[in-house]
Amino acid sequence: MVEFITKGTISFVNFSSFGNDVVAVVSSRDGGYSKGEYASLNMSFFLGDNPLTVAKNRQKFFNSCDLPIERAVGAKQNHGTHIAVVDKTMAGQGALCGERAIKNTDGLLTDVPGLPLLLLFADCTPLLFFEPHKKVVGVAHGGWRGSSGNIAGKMINLMKKQYGCLAKNIRVGIGPTIGAHSFEVGKEVVEAFYPLLEKHEIACNIVKNKNEKYFMNLSAINKRILMKHGVLEEHVEDCAIDTMRTEHFFSYRRDCGKTGRHAAVISLL
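Going left to right, the sequence shown walks through residues 1085 to 1353 as my numbering numbers them.
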């Protein structure tokens, strides 16, 4: 079950179906301290917003989720497919200071309780992973480059290799992302997925328009990739929120690149 929860001025998506052993959430843009194009709950240190304001935003959001911001681990993403395995010695890295974030990383994975993992988004697809038997959590940044680079499949493979997880036991939450009717792409983006999926699997998740452009369902394509790596269809939950068509979330496309970032956070309790 996916819930949109409001606590005071803060609101967020909550994947409550993951159970009581984990918090899996995606912040909205509401209820923070940032001004102008970053208004208001901007969670990114890397855009030009006042870092003290971003730190206050993060603290407020984590308080709303009953999570320890001082132990959170964040990354500086680069639309790649590198996934970092996080251990207890990394607690707090990138939590309240962007300079300490893990560099060039678009996925985080851990089996350590009380170590929240945080990545940033503004249209790209948040993928939150939980394996309840081995007690492992992860988060990945699924933009079209990372998705076509198989970051979803690489996360599944790393969970299996690092912790002995079984794909059939892994739950995945798909957070707010640019929707199928909003994500217009060129032919080169469609073709980037050819090494991963059969053409008919891609074709059922795109619509070609009269201008030789395509509208792509990025969340559905990620779901298909996950299923090809052994994740059960009933274990993939899509919140079905289009970031470009709601003012509650940041959207890079809608705001022409001048905008903040919301955060996907997952933590074992």
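Don't be surprised by glycine CBs; every beta carbon is placed ideally from N, CA and C.
- Per DSSP, the beta bridge partners of M1300 are I1290.
- By alpha-carbon distance to M1127, the top candidate from A1159, E1275, E1087, I1309 is A1159.
- In the DSSP assignment, F1145 falls within the unbroken alpha helix (DSSP H) covering 1135-1148.
- By the neighbour-count criterion, in which a residue is buried when 16 or more other Cβ atoms sit within 10 angstroms of its Cβ, C1208 is buried.
- Under the DSSP assignment, I1240 falls in the alpha helix (DSSP H) whose first and last residues are 1235-1247.
- Counted as a single uninterrupted DSSP element, the beta strand (DSSP E) harbouring R1255 occupies residues 1255-1258.
- H1225 is classed as buried because its beta carbon has at least 16 other beta carbons within 10 Å across all chains shown.
- For E1154, the secondary structure class from DSSP, reduced to helix, strand or coil, is helix.
- The residue among D1105, K1244, F1129, I1262 with its C-alpha nearest the C-alpha of G1178 is F1129.
- Distance from the CA atom of V1223 to the CA atom of D1171, rounded to whole angstroms, is 15 Å.
- Excluding its 5 nearest sequence neighbours in each direction, G1257 has C-beta neighbours in its own chain below 6 Å: F1099, A1108, L1212, E1321, listed in chain order.
- Within a 10 Å sphere around the beta-carbon of H1284 sit fewer than 16 other beta-carbons, which makes this residue exposed.
- N1098 carries a strand assignment under DSSP once its states are collapsed to helix, strand and coil.
- Annotation: K1219 is outside any beta strand (DSSP E) and is labelled neither H nor E by DSSP.
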